[in-house]
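Here the sequence shown is numbered in the UniProt record's numbering, starting from 1 and rising by one per residue.
A short worksheet on the structure shown next.
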Amino acid sequence: MSSIEELGASNDVIEANDNIVDVEDDSSVAKSAPLLIKKTRRRRSPVWSEFLVIDGALNIDVKERATCCHCKIATFIADSHYGTKNMNDHLKTCAAYKVFTATNDKVHIFDQAVYRDLIARAIIQHGYAFSWVEHLGNRRIHTYLNCQVRTITRNTAKADCLKLHKSLKVDLLKTLKNVPGRICLTSDMWTSCQTEGYLCLTAHYVDASWTLVSKVLNFCHVETPHSGYEMYSVVLDLLKKWGIENKIFSITLDNASSNDKMQDYLKMSLEERGLLLNGGRFLHVRCAAHVLNLIVQDGLIMIQHIVRKIRLSVKYVKWSEVRKKTFKMCVNLAAISETKALWLDVPTRWNSTYMMLDRAILYRAAFNEMRKKDPLYIYYPELTEWDKVEKVRDVLEPFCEITNLFSGSDYPTSNLYFENVWRIAMLLKDLVRGEDVDIILMGRKMQEKFDKYWLHSDGHEYNTLFAFAVVLDPRYKKQFLKYCYLKMYGDDVKASMEVSDVLSKLQTLLDNYSPKENDISSQSSHLSSGKSLNRKRKHDLMDFDDEESIYSVTAQSKLNVYLNDGKLDRNVDLNILEFWKLNENKYGHLALLARDILTVPLTTVASESTFSIGGRILNKWRSSYLPDNIEALITSRSWLHGYDVGDEEDFFSSDVEWNINI
Numbered sequence: 001m002s003s004i005e006e007l008g009a010s011n012d013v014i015e016a017n018d019n020i021v022d023v024e025d026d027s028s029v030a031k032s033a034p035l036l037i038k039k040t041r042r043r044r045s046p047v048w049s050e051f052l053v054i055d056g057a058l059n060i061d062v063k064e065r066a067t068c069c070h071c072k073i074a075t076f077i078a079d080s081h082y083g084t085k086n087m088n089d090h091l092k093t094c095a096a097y098k099v100f101t102a103t104n105d106k107v108h109i110f111d112q113a114v115y116r117d118l119i120a121r122a123i124i125q126h127g128y129a130f131s132w133v134e135h136l137g138n139r140r141i142h143t144y145l146n147c148q149v150r151t152i153t154r155n156t157a158k159a160d161c162l163k164l165h166k167s168l169k170v171d172l173l174k175t176l177k178n179v180p181g182r183i184c185l186t187s188d189m190w191t192s193c194q195t196e197g198y199l200c201l202t203a204h205y206v207d208a209s210w211t212l213v214s215k216v217l218n219f220c221h222v223e224t225p226h227s228g229y230e231m232y233s234v235v236l237d238l239l240k241k242w243g244i245e246n247k248i249f250s251i252t253l254d255n256a257s258s259n260d261k262m263q264d265y266l267k268m269s270l271e272e273r274g275l276l277l278n279g280g281r282f283l284h285v286r287c288a289a290h291v292l293n294l295i296v297q298d299g300l301i302m303i304q305h306i307v308r309k310i311r312l313s314v315k316y317v318k319w320s321e322v323r324k325k326t327f328k329m330c331v332n333l334a335a336i337s338e339t340k341a342l343w344l345d346v347p348t349r350w351n352s353t354y355m356m357l358d359r360a361i362l363y364r365a366a367f368n369e370m371r372k373k374d375p376l377y378i379y380y381p382e383l384t385e386w387d388k389v390e391k392v393r394d395v396l397e398p399f400c401e402i403t404n405l406f407s408g409s410d411y412p413t414s415n416l417y418f419e420n421v422w423r424i425a426m427l428l429k430d431l432v433r434g435e436d437v438d439i440i441l442m443g444r445k446m447q448e449k450f451d452k453y454w455l456h457s458d459g460h461e462y463n464t465l466f467a468f469a470v471v472l473d474p475r476y477k478k479q480f481l482k483y484c485y486l487k488m489y490g491d492d493v494k495a496s497m498e499v500s501d502v503l504s505k506l507q508t509l510l511d512n513y514s515p516k517e518n519d520i521s522s523q524s525s526h527l528s529s530g531k532s533l534n535r536k537r538k539h540d541l542m543d544f545d546d547e548e549s550i551y552s553v554t555a556q557s558k559l560n561v562y563l564n565d566g567k568l569d570r571n572v573d574l575n576i577l578e579f580w581k582l583n584e585n586k587y588g589h590l591a592l593l594a595r596d597i598l599t600v601p602l603t604t605v606a607s608e609s610t611f612s613i614g615g616r617i618l619n620k621w622r623s624s625y626l627p628d629n630i631e632a633l634i635t636s637r638s639w640l641h642g643y644d645v646g647d648e649e650d651f652f653s654s655d656v657e658w659n660i661n662i
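Below, the structure written as structure tokens:
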């Protein structure tokens with residue numbers, strides 16, 4: 001018989017060890033009567049994990065044999081007729097096995113269940129196909145690392161992933177049930193490569209340790225039509241299944257008309273049951289990044305002919321290797337030392353258009369040289385057009401910074417919103433006061449869109465919810481609000497009225513967190529104690545100051561206490577949730593309100609990140625996944641690893657060749 005090492009190198013040996021069910025050898029079956037086929041039996045004894053089973057086809061007598069994995073000498077016939085007693089007896093006297101068991105506390109013990117769980121988690125985390133577990137190279141690696149591995153099939157891998165998903169879902173249900181505050185939602189629709197619609201619903205909340213958490217609750221297939229009512233029915237049903245319909249604080253959506261209808265129906269349904277604060281006045285939040293995209297796109301329409309020339313110029317350069325080489329020569333002729341690559345934009349993403357213009361300006365002289373060198377290059381912008389592009393680039397730069405801030409994943413609390421929207425308003429005011437006619441027209445077009453989406457219907461105040469958020473930032477408070485309104489309106493009286501209106505609405509919202517009954521009972525207890533003092537002292541007025549002091553302290557709102565405290569340094573790098581966590585006892589219910597307001601997401605970037613993962617799982621090479629399996633993979637990944645904006649960027653760049661190496 002050949003050595004175990006030689007047999008271990010055989011693919012047939014690996015395949016024999018992989019099988020969980022015994023299969024009769026073909027030659028053995030041929031020698032038997034056709035009607036006397038031996039029934040296969042599963043090897044259930046744990047002793048089999050200590051032996052390597054050799055396929056009978058490799059033996060002269062065509063019988064399977066099991067060789068000890070430790071001493072690699074003892075060999076027994078692997079047949080149920082002989083049982084496993086001989087193998088168990090061998091392990092009792094095997095010196096190599098004794099050494100192995102003596103060092104078990106230092107050696108990792110293989111567990112098939114743990115192995116399968118790790119496989120399921122790897123599939124979920126990295127988006128591998130279920131068939132990944134059946135790849136021969138993958139199986140060879142696993143069996144080489146541990147001969148006890150019993151590799152699995154794609155169906156087993158899928159079942160393990162669904163089992164893990166079910167377990168994680170039970171845990172998340174318990175977590176959502178015990179969330180101390182309210183839950184904010186984001187929702188968006190995505191169309192797959194199969195042209196099927198999927199709705200992504202994400203929950204954002206602050207947990208008991210005051211940490212901001214985002215979880216994708218559902219990524220479910222939605223039948224057509226994708227109307228507002230159909231989407232409302234799906235969302236409401238999902239909220240009921242998760243048991244959170246009574247905990248909703250806000251829902252962030254883009255400006256699609258179906259989303260507007262959906263939130264109208266949702267608001268009506270929840271308000272009828274009294275499940276929303278302040279009649280759902282602050283339920284609907286528009287995606288800041290999406291609105292900013294619409295604002296800038298409207299402005300870019302005014303110079304679209306110039307942008308088109310830049311886009312065609314970049315496309316012309318990247319069309320072939322010959323043109324890239326020619327352009328590189330032009331860069332050298334123009335003595336340009338820049339190493340940044342040209343950038344091709346995606347027209348629906350204005351920030352990519354900004355990047356394209358910014359990079360093109362760096363190579364302005366090279367494009368001029370290429371016009372001289374290549375007679376087929378006809379897209380060169382004129383001198384005045386290049387000057388206009390530079391002005392537009394300077395206009396868009398702060399908008400790009402704000403978009404990146406809104407879409408950031410490191411610390412997306414809502415206190416970031418108001419200051420930057422105010423900056424946008426001031427930038428637009430400066431644009432319409434300029435001297436360049438095209439820039440003025442661009443500014444007016446952008447301002448119209450700004451007024452439509454970021455001002456209330458009366459046209460005089462910004463989104464009040466995010467004004468609350470900046471007031472609840474201890475570095476700004478109402479003083480910053482007054483400063484912004486004064487810069488906007490140039491009227492101190494009007495600015496003061498706006499601030500008073502915001503604080504009044506904030507106090508009204510706070511009343512939902514601190515019931516009036518509690519305040520009244522608290523005040524009445526102090527007042528009654530004061531009356532008892534008066535009865536003892538008769539008409540003695542010495543206690544007048546004490547009684548007035550007691551009443552003023554108890555009647556004073558926690559909001560006023562907070563506003564009267566000094567502001568923190570504006571330049572301090574503050575974790576605002578940590579601040580409210582530390583001051584929860586001091587400010588009481590105001591801290592609870594701050595927790596919910598600061599949780600409101602600025603954008604639907606969580607959904608965008610989820611869509612990128614969905615695009616990798618369900619693509620043109622892998623389009624037969626069932627919707628339930630897709631949802632299990634995507635949501636489980638979110639529950640295990642959260643989301644990262646980088647995921648969305650990586651996927652987005654995979655569809656388009658962004659840059660050109662020159």
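We put the CB at the ideal spot given by N, CA and C, even for glycine.
Suppose you measure from the CA of residue i to the CA of residue j; what does that come to, to the nearest Å?
{"i": "D55", "j": "T75", "result": "13 Å"}
{"i": "D264", "j": "L598", "result": "23 Å"}
{"i": "K558", "j": "K567", "result": "16 Å"}
{"i": "W319", "j": "N293", "result": "29 Å"}
{"i": "K452", "j": "M189", "result": "23 Å"}
{"i": "Q507", "j": "T156", "result": "56 Å"}
{"i": "I295", "j": "I424", "result": "10 Å"}
{"i": "T413", "j": "R359", "result": "32 Å"}
{"i": "L168", "j": "L239", "result": "17 Å"}
{"i": "A495", "j": "Q479", "result": "11 Å"}
{"i": "M231", "j": "T211", "result": "30 Å"}
{"i": "L266", "j": "D628", "result": "25 Å"}
{"i": "L275", "j": "S258", "result": "23 Å"}
{"i": "F450", "j": "L277", "result": "27 Å"}
{"i": "I310", "j": "M262", "result": "40 Å"}
{"i": "T326", "j": "M370", "result": "8 Å"}
{"i": "R42", "j": "S131", "result": "24 Å"}
{"i": "D491", "j": "F399", "result": "27 Å"}
{"i": "T93", "j": "V47", "result": "14 Å"}
{"i": "D655", "j": "C71", "result": "Since pLDDT at D655 reaches only 35, below the 50 mark, its modelled position is unreliable, and the value read off the structure follows with that caveat. Distance between the alpha carbons of D655 and C71: 55 Å."}
{"i": "E435", "j": "D345", "result": "29 Å"}
{"i": "R286", "j": "E401", "result": "19 Å"}
{"i": "V53", "j": "Y144", "result": "15 Å"}
{"i": "L118", "j": "L633", "result": "14 Å"}
{"i": "L405", "j": "V600", "result": "15 Å"}
{"i": "V331", "j": "Y205", "result": "51 Å"}
Within the continuous beta strand (DSSP E) that includes residue i, where are the two ends?
{"i": "T75", "result": "75-77"}
{"i": "C68", "result": "65-68"}
Which residues does DSSP pair with residue i in a beta bridge?
{"i": "G197", "result": "T191, V222"}
{"i": "H204", "result": "C184, S214"}
{"i": "R286", "result": "L253"}
{"i": "V53", "result": "A66"}
{"i": "I248", "result": "I183"}
Can you give me the Cβ contacts of residue i inside the same chain, cut-off strictly under 7 Å, excluding the 5 residues immediately before and after it?
{"i": "E390", "result": "I361"}
{"i": "L590", "result": "L510, K558, L559, Y562"}
{"i": "N177", "result": "In the sequence as presented, Asn is not what sits at residue 177; that position holds Lys. Only G243 meet the Cβ criterion."}
{"i": "E584", "result": "A591"}
{"i": "G642", "result": "S214"}
{"i": "L481", "result": "A467, V470, V471, V499, V502"}
{"i": "A365", "result": "A334, I336"}
Only counting the same chain, and skipping five residues up and downstream in sequence, which positions put a Cβ closer than 8 Å to that of residue i?
{"i": "S521", "result": "Low per-residue confidence applies at S521: pLDDT is 37, beneath 50, and the placement is therefore not dependable, though the value from the model is reported in the following sentence. Once the five neighbours on either side are set aside, S521 has no close Cβ partner at all."}
{"i": "L582", "result": "none"}
For residue i, collect the residues of the same chain with a Cβ closer than 6 Å to its Cβ; drop the 5 residues on either side in sequence, then sort them by chain order.
{"i": "I660", "result": "In this prediction, I660 has a pLDDT of 37, which is less than 50 and means its spatial position is unreliable; what the coordinates show is noted afterwards. Around I660: K318, A341, L342."}
{"i": "D596", "result": "G181, R182, F249"}
{"i": "W422", "result": "C484"}
{"i": "D171", "result": "none"}
Since residue i is in the alpha helix (DSSP H), which residue starts that stretch and which ends it?
{"i": "V493", "result": "492-511"}
{"i": "R44", "result": "Unbroken run through R44: none, as it is neither H nor E."}
{"i": "I152", "result": "Looking at the DSSP string, I152 is not in any alpha helix (DSSP H), and its letter there is neither H nor E."}
{"i": "I124", "result": "112-126"}
{"i": "F480", "result": "477-489"}
{"i": "K429", "result": "417-432"}
Ranges of the alpha helix (DSSP H) found wholly within the segment 300-385, counting only runs of at least 4
For the segment 300-385, the continuous alpha helix (DSSP H) assignments of 4+ residues that do not extend past its boundaries occur at 304-318, 321-333, 350-362, 364-373, in sequence order.
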